[in-house]
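Peer 1: Have a look at the structure that comes next, please.
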Amino acid sequence: MAGRGGPRRGSRGRTEGVDSLSGGGAGPRGAAGQWARSDEWPVAQSSDGWLTSVGYPPTAAGRWRAMLRRALWLGLRRGLLGRELGTRRGGSTLDWDGKVSDIKKKIQSILPGGAWKPLYDTSHLPPEQADVVIVGGGVLGLSVAYWLKRLEKRRGAIRVLVVERDHTYSQASTVLSVGGIRQQFSLPENIQLSLFSAEFLRNINEYLAVVDDPPLDLQFNPSGYLFLASEKGAATMENNVKVQRQEGAKVCLMSPEQLRKKFPWINTEGVALASYGLENEGWFDPWCLLQGLRRKVQSMGVLFCQGEVTRFVSSSTHMETISGEEVTLKRIHEVQVKMDCSQEYQPVECAIVVNAAGAWSGQIAELAGVGKGLPGTLQGTKLPVEPRKRYVYLWHCPQGPGLETPLVADLSGVYFRREGLSNNYLGGCSPAEEEEPDPGNLEVDHDFFQEKVWPPLAWRVPAFETLKVQRAWAGYYDYNTFDQNGVVGPHPLIVNMYFATGFSGHGLQQAPAVGRAVAEMVLEGHFQTINLSPFLFTRFYLGEKALEHCIL
1 MAGRGGPRRG
11 SRGRTEGVDS
21 LSGGGAGPRG
31 AAGQWARSDE
41 WPVAQSSDGW
51 LTSVGYPPTA
61 AGRWRAMLRR
71 ALWLGLRRGL
81 LGRELGTRRG
91 GSTLDWDGKV
101 SDIKKKIQSI
111 LPGGAWKPLY
121 DTSHLPPEQA
131 DVVIVGGGVL
141 GLSVAYWLKR
151 LEKRRGAIRV
161 LVVERDHTYS
171 QASTVLSVGG
181 IRQQFSLPEN
191 IQLSLFSAEF
201 LRNINEYLAV
211 VDDPPLDLQF
221 NPSGYLFLAS
231 EKGAATMENN
241 VKVQRQEGAK
251 VCLMSPEQLR
261 KKFPWINTEG
271 VALASYGLEN
281 EGWFDPWCLL
291 QGLRRKVQSM
301 GVLFCQGEVT
311 RFVSSSTHME
321 TISGEEVTLK
331 RIHEVQVKMD
341 CSQEYQPVEC
351 AIVVNAAGAW
361 SGQIAELAGV
371 GKGLPGTLQG
381 TKLPVEPRKR
391 YVYLWHCPQG
401 PGLETPLVAD
411 LSGVYFRREG
421 LSNNYLGGCS
431 PAEEEEPDPG
441 NLEVDHDFFQ
451 EKVWPPLAWR
461 VPAFETLKVQ
471 RAWAGYYDYN
481 TFDQNGVVGP
491 HPLIVNMYFA
501 TGFSGHGLQQ
511 APAVGRAVAE
521 MVLEGHFQTI
531 NLSPFLFTRF
541 YLGEKALEHC
551 IL
């Protein structure tokens, strides 16, 4: 029978295989060529009681070899590394992982330095494959990741990877913002987004609770927003408030007399009307929301990678539209990630890409081929999102407005709010289009405060004439140059790229709702809870602006 089906269990071929694993030698065979008992392995005992293989000196290295050799021998004999005898598949019930762990601990105690280190640490690398790759790990990207995992049909069904190049978030729009949330918008879609986000934040520890972790404290201040309007802008404000109320927002209109009575520190000269948010408006800690989302999605199995997306690999096919325009349809198959602090590139195969790269989402879109066509065509339509630098100033004013001060949006475009309990305030304003600062760095222009911010502040709140600026910082808007509104949903030609970007300053407050909308589109193929069709990419080609009149 030895000539059929290969060598028998006691044959020399099997024995030689084990010899090669154990480093040479005859191996533990009996006289008849059968496996010997484990206690027949030739060993010698050193002076300190350690068992070593014959031929190895009683040194640390020798002890290590003996231990590993004995572990392999026991494992091979008992079916731990191969099939259990008499079965079709490995059927061992022994805790091999536990045994390996014990072996590592023993080896640690022997090796110099006591360290067990793998030859190559791969923990920082992205997986080779993912169902969804999200480019950008700010609140929008994390919100998309959260809702993808929450809405998946079966736990663990979707493998999500978030790629973020700035793991410290030192330049992230999220943490450099003033953390406001409001429903005082002119578009119903924006109002609905912020209403849901307010509900999400109000119940943050129901949505983002993690077992054995402390609850989140967003430090929400419900002092509301106060918008001021001139005689010229009063009619627009009335229309906006009408829409806001229709969508369920709690907002009231105030005359100059009511304004002076409610907020006596305001100079109402030039103010014809004001709108005041009574509910679900105020500000919160952006860093807490960011960390809460990150903590939660990690507990849900979302993977993270610190690196920069530098290339997309895609396939393409050509077709003709109804209007006769020839277009190229693309599908991304692979995302290439440049690892942080190295020249190493890692490819990740994927089915879906979500562009949530904030101020840099236009560059990511261009890498994928968005806008690579003739101007005026769908193929040549770019994603009109670019970084815009915005300054935030923090000042102290002992005689400034009290604790119930809302976030005030002045006629001039200047805004401010309280910060904490010590008469500190922060604020700023967006520059005119022709005065946009260079976004190449985050240096602060202090002259901008002196010339553009302070004069309107001191006019509206006379107490601010004596303010003292304590510090300032700059951050980025993911500025949509087309209509200053978000871009949500798929690209029409790069069929598996989705957008969650371009919110021009209100992305933080709308992130919970936007993440849900993108996840719905990815999983179901359409918006389910809030119809965000006006925010689709195709509006750039069609020239259909979703104009928002309440942008700060």
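The sequence shown begins at 1 in UniProt numbering and counts up one residue at a time.
For every residue, glycine included, the Cβ atom is placed at its ideal position computed from N, Cα and C.
Might you give, ordered along the chain, the residues of its own chain that have their beta carbon closer than 6 Å to the beta carbon of alanine 474, omitting 5 neighbours on each side?
Peer 2: Contacts found: Lys389, Tyr391, Leu442 and Val444.
Peer 1: Where leucine 187 and glutamate 419 are concerned, what is the direct C-alpha to C-alpha distance, given to the nearest angstrom?
Peer 2: So the alpha carbons of these two residues sit roughly 29 Å apart.
Peer 1: Taking three-plus beta-carbon pairs below 8 Å as touching, is the region 311-321 in contact with the region 481-490?
Peer 2: No contact exists between the region 311-321 and the region 481-490.
Peer 1: Please name the residue or residues paired with glycine 489 in a DSSP beta bridge.
Peer 2: Its beta-bridge partners are Phe499.
Peer 1: Determine the closest residue to asparagine 190 out of Gln336, Ala513, Arg460 and Lys545, with distance taken between C-alpha atoms.
Peer 2: Cα-wise, what sits closest to asparagine 190 is Ala513.
Peer 1: So what does DSSP say about cysteine 288, is it helix, strand or coil?
Peer 2: Helix at cysteine 288.
Peer 1: Measuring alpha carbon to alpha carbon, tell me which residue in Thr174, Glu465, Leu421 and Glu257 is nearest serine 504.
Peer 2: The residue with the shortest Cα to Cα distance from serine 504 is Thr174.
Peer 1: Is the region 230-245 close to the region 422-429, with three or more CB pairs under 8 Å?
Peer 2: The region 230-245 is not in contact with the region 422-429.
Peer 1: For glutamine 346, which residues does DSSP report across the bridge?
Peer 2: In the DSSP output, where bridge partners are listed per residue, glutamine 346 has Val337.
Peer 1: For proline 387, which three-state DSSP category applies?
Peer 2: If DSSP states are grouped into helix, strand and coil, proline 387 belongs with the strands.
Peer 1: Which residue from Pro462, Ser430 and Ser223 puts its Cα closest to that of valine 453?
Peer 2: Considering only alpha carbons, the answer is Ser430.
Peer 1: Using the three-state DSSP reduction, which class does alanine 36 fall into: helix, strand or coil?
Peer 2: Only weak support exists for where alanine 36 lies, its pLDDT of 40 falling under 50; the value from the coordinates is given anyway. Coil.
Peer 1: Answer yes if the region 394-414 comes into contact with the region 522-532, meaning at least three C-beta pairs across the two stretches below 8 Å, and no otherwise.
Peer 2: No: fewer than three Cβ pairs fall under 8 Å.
Peer 1: Among residues of its own chain, excluding the 5 on either side of glycine 502, which ones have a beta-carbon nearer than 6 Å to its beta-carbon?
Peer 2: Contacts found: Val385, Asp478, Asn480, Gly486 and Val487.
Peer 1: Grab the span of the beta strand (DSSP E) containing arginine 471 for me, first residue to last.
Peer 2: Segment 468-480, the beta strand (DSSP E) holding arginine 471.
Peer 1: Do alanine 463 and glutamine 399 have their CB atoms nearer than 8 Å?
Peer 2: Closer than 8 Å, so yes.
Peer 1: Pull up the distance between the alpha-carbon of phenylalanine 527 and that of threonine 377, whole angstroms please.
Peer 2: Going from the Cα of phenylalanine 527 to the Cα of threonine 377 covers about 26 Å.
Peer 1: Find the nearest neighbour of aspartate 340 within the set Leu142, His167 and Leu467, judged by alpha-carbon distance.
Peer 2: Per the Cα distances, His167.
Peer 1: Per the contact definition of three or more C-beta pairs closer than 8 Å, is the region 208-220 in contact with the region 283-298?
Peer 2: Counting Cβ pairs under 8 Å, three or more are found: they touch.
Peer 1: Report buried or exposed for leucine 228, applying the criterion of at least 16 other Cβ atoms within 10 angstroms of its Cβ.
Peer 2: Its Cβ being crowded by 16 or more others within 10 Å, leucine 228 is buried.
Peer 1: Can you round the beta-carbon distance between glycine 282 and asparagine 355 to whole angstroms, since I take them to be within the 8 Å contact cut?
Peer 2: That belief does not hold up - the Cβ atoms of glycine 282 and asparagine 355 are roughly 30 Å apart, past 8 Å.
Peer 1: In angstroms with no decimal places, state the Cα-to-Cα distance between glutamate 238 and glutamine 509.
Peer 2: About 23 Å.
Peer 1: For leucine 421, count neighbouring C-beta atoms within 10 Å of its own C-beta (all shown protein chains included) and say buried if the count is 16 or more, exposed if not.
Peer 2: So leucine 421 counts as exposed.
Peer 1: Does DSSP classify glutamine 528 as helix, strand or coil?
Peer 2: In the structure shown, glutamine 528 sits in coil (DSSP, three-state: anything other than H, G, I, E or B).
Peer 1: Would you mind giving the Cβ-Cβ distance between isoleucine 322 and alanine 368, rounded to the nearest angstrom? I have them listed as a contact below 8 Å.
Peer 2: No, isoleucine 322 and alanine 368 are not in contact; Cβ-Cβ is about 25 Å, not under 8 Å.
Peer 1: For lysine 261, count the other beta carbons within 10 Å of its own beta carbon; 16 or more makes it buried, fewer makes it exposed. Which is it?
Peer 2: Flag for lysine 261 reads exposed.
Peer 1: Measure the alpha-carbon distance for glutamate 544 versus leucine 467 and round it to whole angstroms.
Peer 2: So the alpha carbons of these two residues sit roughly 44 Å apart.
Peer 1: Does the Cβ of glutamine 509 lie closer than 7 Å to at least one heavy atom of the ligand ZN?
Peer 2: Among the components modelled here there is no ligand, and therefore nothing to report on the ligand ZN.
Peer 1: With three or more beta-carbon pairs closer than 8 Å as the criterion, would you say the region 124-136 touches the region 262-272?
Peer 2: Because the criterion of three Cβ pairs below 8 Å is not met, the region 124-136 and the region 262-272 do not touch.
Peer 1: If you compare alpha carbons, which of Val162, Thr381 and Ile494 is closest to valine 302?
Peer 2: Considering only alpha carbons, the answer is Val162.
Peer 1: Determine, using beta carbons only, whether phenylalanine 263 and isoleucine 181 come nearer to each other than 8 Å.
Peer 2: It is not a contact, given that the beta carbons lie outside the stated cut-off.
Peer 1: Which same chain residues, not among the five before or five after alanine 546, have their C-beta less than 7 Å away from its C-beta?
Peer 2: So the list reads Leu187, Asp483, Asn485, Pro534, Phe535 and Arg539, once near-sequence residues are dropped.
Peer 1: Measuring alpha carbon to alpha carbon, tell me which residue in Gln343, Arg417, Pro347 and Gly137 is nearest glutamine 336.
Peer 2: Residue Pro347 is the option with its Cα nearest to glutamine 336.
Peer 1: Taking the beta strand (DSSP E) that serine 422 falls in, what are its first and last residues?
Peer 2: That residue, serine 422, is in no beta strand (DSSP E); it is neither H nor E in DSSP.
Peer 1: If distances are taken between C-alpha atoms only, which option among Asn203, Leu278 and Leu216 comes closest to tyrosine 225?
Peer 2: It is Leu278 whose Cα lies nearest to the Cα of tyrosine 225.
Peer 1: Going by other Cβ atoms of all chains shown within 10 Å of its Cβ, with 16 needed for buried, is arginine 471 buried or exposed?
Peer 2: Looking at its Cβ environment, which holds fewer than 16 other Cβ atoms inside 10 Å, arginine 471 is exposed.
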